[in-house]
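Structure record follows, encoded as structure tokens.
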Amino acid sequence: MYEKTAEHFGSKFRHLPEGHLLVNLGPSHPATHGILQNVIQLDGERVVEAESVIGYVHRSFEKLGEKYTYNQFLVCTDRMNYVSTPLNNIGWILTVEKMMEIQVPDKVVYVRMIVSELSRIMDHIICNGILGVDLGAFSGMLHLFHHRENIYQVLEKLTGARLTTTFCRIGGLEKDIYPEFADEVRTICKGLKPAIEEFQSLLVNNRIFMDRTKGIGGISAEDAISYGYSGPNLRAAGVPWDVRKDEPYMFYDKVDFDVPIGEDGSVLHRTLVRMEEMRQSIRIIEQLVEGIPPGPHHADLPHAYLPEKGKVYKNMEELIYHFKIIMHGVKVPPGEYYQATEAANGELGFYIVSEGEKSPWRVHVRRPCFWFYQSFPDLVKGGLLADTIATMSSLNVIAGELDC
75 MYEKTAEHFG
85 SKFRHLPEGH
95 LLVNLGPSHP
105 ATHGILQNVI
115 QLDGERVVEA
125 ESVIGYVHRS
135 FEKLGEKYTY
145 NQFLVCTDRM
155 NYVSTPLNNI
165 GWILTVEKMM
175 EIQVPDKVVY
185 VRMIVSELSR
195 IMDHIICNGI
205 LGVDLGAFSG
215 MLHLFHHREN
225 IYQVLEKLTG
235 ARLTTTFCRI
245 GGLEKDIYPE
255 FADEVRTICK
265 GLKPAIEEFQ
275 SLLVNNRIFM
285 DRTKGIGGIS
295 AEDAISYGYS
305 GPNLRAAGVP
315 WDVRKDEPYM
325 FYDKVDFDVP
335 IGEDGSVLHR
345 TLVRMEEMRQ
355 SIRIIEQLVE
365 GIPPGPHHAD
375 LPHAYLPEKG
385 KVYKNMEELI
395 YHFKIIMHGV
405 KVPPGEYYQA
415 TEAANGELGF
425 YIVSEGEKSP
435 WRVHVRRPCF
445 WFYQSFPDLV
455 KGGLLADTIA
465 TMSSLNVIAG
475 ELDC
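All you need for the working numbering is the position in the sequence shown, starting with 1, plus 74.
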């Protein structure tokens with residue numbers, strides 16, 4: 075096994091000094107949070123060199139985008155960051171609506187933003203909770219996980235699915251919000267506030283956790299920018315960049331929230347940034363849920379938005395529109411387009427080239443994980459083997475998003 079691994083990775087690992095050990099962290103290992111392989115050269119417990127391998131779950135989504143229609147590709151975005159799927163769905167839909175110059179009703183924007191922030195909270199609960207599990211502290215994740223389940227219940231009632239929600243449609247929402255939506259979101263926020271503070275006391279402020287994370291896996295602001303960091307990992311390094319603030323979309327320029335900033339980009343500061351982001355997401359949701367405007371849940375777009383099935387059965391015009399959208403797809407004006415959104419892991423961008431057909435000519439996804447995972451060998455070099463687990467966990471590498 076050693077000879078095959080060393081030969082595959084070339085001269086870096088071909089001739090190991092006496093006493094050094096070559097080990098595989100992954101691809102089948104619970105601490106890798108997915109199908110990721112890291113080949114690590116050890117001198118005792120100290121990491122001398124490391125190299126990461128990706129692509130084990132590569133599914134050619136970008137190539138599929140050239141064959142699928144704009145509506146069909148929405149299901150691919152679910153399978154990217156599957157921890158917070160609505161954020162991926164909304165990013166794609168906003169890009170297509172930008173291409174078509176579609177203005178959706180205010181109600182649609184409010185609901186999309188509420189669901190986006192609920193999804194961000196879900197993602198951060200998983201990241202910080204699993205970090206505790208990886209370091210041997212299981213209680214913290216259990217403490218917050220039932221609040222995440224409450225969010226799942228709302229998503230299931232709203233979209234019909236829990237994990238792969240396929241949320242939104244071009245021009246609006248698949249269906250209108252249910253009557254109890256606002257009240258249930260308020261209840262979730264009310265329960266989350268004390269739970270987040272209890273989690274902070276239980277895990278983050280724990281002396282053992284502090285010793286295991288303080289100064290571990292850090293990165294400077296300059297190096298983080300050089301590697302293409304974005305999101306919580308970039309802000310933990312001291313760079314105040316947030317797409318919601320710096321390149322506002324939807325109504326993010328109309329709500330009040332703060333962007334938390336760290337200092338040294340370490341495991342501890344990534345954790346603290348995500349903790350504060352959950353609080354800020356609750357702050358955003360509470361502003362929005364009190365003012366969801368009345369109105370339709372989609373724009374008047376018979377050429378792009380599927381008519382109600384009941385009307386299709388009874389009205390010839392609705393039947394024709396349904397047939398044309400399903401068989402001929404939604405036609406998008408020719409051109410090149412890019413739309414960035416602030417997903418849970420950072421800047422999620424969709425670049426689309428259209429030739430005016432029902433499918434894109436080219437699709438490229440700027441997925442946050444792909445950029446910051448490249449820095450993993452530098453982050454762990456010189457540290458302890460145990461610290462590599464904490465570093466990877468705090469980066470929140472999602473294999474589906476990484477490989478795309």
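We put the CB at the ideal spot given by N, CA and C, even for glycine.
message = Once the 5 residues before and after K141 are set aside, which same chain residues still bring their CB inside 7 Å of it?
response = Non-local beta-carbon contacts of K141 in its own chain, meaning distances under 7 Å to residues more than five positions away in sequence, involve S433 in chain order.
Three-state class that DSSP yields for R120 in the structure shown = R120: strand per DSSP, three-state reduction.
key: Enclosing beta strand (DSSP E) for N98 [first to last residue]   = Bounds of the beta strand (DSSP E) holding N98 are 94-99.
ask   = Among T238, I358, V341, P381, which residue has its Cα nearest to the Cα of D330?
value = Nearest of T238, I358, V341, P381 to D330, Cα basis: I358.
query = Under three-state DSSP, which class holds A310?
reply = Helix, per DSSP.
message = At a threshold of 7 Å, does I472 count as lining the ligand SAH (C-beta to nearest heavy atom)?
response = In the structure shown, the ligand SAH is absent, as is every other ligand, since no ligand is present at all.
key: When F241, R133, V113, Q227 are compared against A124, the one with the closest alpha-carbon   = Ranking F241, R133, V113, Q227 by Cα distance to A124 puts V113 first.
key: Beta-ladder partner(s) of V149, from DSSP   = V149 is not bridged by DSSP to any residue.
Burial state of G57, where buried means 16 or more other Cβ atoms lie within 10 Å = Here the chain has residues from 75 to 478 only, and residue 57 is not among them.
inquiry  = By DSSP's criteria, F424 is part of a beta bridge. Which residues make up the other side?
reply    = Looking at the DSSP assignment, F424 forms a beta bridge with Q413, V439.
inquiry  = Determine whether the beta carbon atoms of S449 and I204 lie at a separation below 8 Å.
reply    = No.
task = Starting from H89, follow the alpha helix (DSSP H) in both directions and report where the run begins and ends.
result = Counting along the chain, H89 falls outside any alpha helix (DSSP H), and DSSP gives it neither H nor E.
query = Is V183 near F87, with beta carbons less than 8 Å apart?
reply = No.
message = Quick check on the DSSP output: the alpha helix (DSSP H) that includes Y184 runs from which residue to which?
response = Y184 -> alpha helix (DSSP H) spans 180-208.
task = Examine the Cβ distances between the stretch 341-353 and the stretch 269-277 and report whether three or more of them are shorter than 8 Å.
result = Yes, the stretch 341-353 touches the stretch 269-277.
Same chain only: Cβ atoms within 6 Å of R194, ignoring 5 sequence neighbours per side = Excluding the 5 residues flanking it on each side, R194 has same chain C-beta neighbours closer than 6 Å at S355, A418, in chain order.
Contacts around C481, its chain only, beta-carbon distance under 8 Å, and the 5 residues preceding and following it disregarded = In the structure displayed, the chain extends from 75 to 478; residue 481 sits before or after that span and is not available.
inquiry  = Contact defined as beta carbons within less than 8 Å: I believe L247 pairs with T239. What is the distance between those atoms, to the nearest angstrom?
reply    = In this structure L247 does not touch T239 by the C-beta definition: roughly 11 Å separates them, more than the 8 Å allowed.
message = Tell me the residue span of the alpha helix (DSSP H) that contains K383.
response = Run containing K383: 383-388, per the alpha helix (DSSP H) assignment.
ask   = Taking E191 as the reference, which of C201, D208, C263 has the closest Cα?
value = Ranking C201, D208, C263 by Cα distance to E191 puts C263 first.
ask   = Could you give the distance in angstroms between the alpha-carbon of K328 and the alpha-carbon of D152?
value = Rounded to the nearest whole angstrom, the C-alpha separation of K328 and D152 is 28 Å.
key: Presumed contact (8 Å Cβ cut-off) between G457 and I282, rounded CB distance   = Taking C-beta atoms under 8 Å as the contact rule, G457 and I282 fail to qualify, at a distance of about 18 Å.
query = How long is the line joining the alpha carbons of A473 and Y447, rounded to whole angstroms?
reply = The C-alpha of A473 lies about 10 Å from the C-alpha of Y447.
key: Nearest candidate by alpha-carbon position, reference G369, set K249, I128, N145   = Residue K249 is the option with its Cα nearest to G369.
ask   = How is the alpha helix (DSSP H) around W166 delimited, first residue to last?
value = Here the alpha helix (DSSP H) through W166 covers 159-174.
query = In angstroms, rounded to a whole number, what distance separates the CA positions of V437 and T169?
reply = Each residue's alpha carbon lies about 11 Å from the other.
request  = Grab me the residues of V363's own chain with a C-beta within less than 7 Å of its C-beta, minus the 5 sequence neighbours each way, in chain order.
outcome  = Here the set comprises I188, A256, V259, R260.
task = Run the CB neighbour count on A414, radius 10 Å, all protein chains shown included, and call it buried at 16 or more, exposed below.
result = Burial check for A414: the Cβ neighbour count within 10 Å reaches 16 or more, so the residue is buried.
key: 8 Å Cβ cutoff met for A298 and G336   = At the C-beta level, A298 and G336 stay beyond 8 Å of one another.
query = Are L232 and Y252 touching if we call contact CB-CB under 8 Å?
reply = Yes.
inquiry  = Helix, strand or coil for G302? Go by DSSP, reduced to three states.
reply    = Three-state DSSP puts G302 in coil, outside helix and strand.
ask   = Just reading off the alpha helix (DSSP H) that E258 is part of, what are its end residues?
value = Where E258 is concerned, the enclosing alpha helix (DSSP H) stretches over 255-273.
inquiry  = Can you tell me which residues form a DSSP beta bridge with S126?
reply    = Bridge partners of S126: N112.
query = In three-state DSSP terms, what is R133?
reply = Correct three-state label for R133: coil.
query = chain B beta carbons: is any one of them nearer than 8 Å to that of R133?
reply = The question asks about chain B, but that chain is absent: this structure has only one protein chain.
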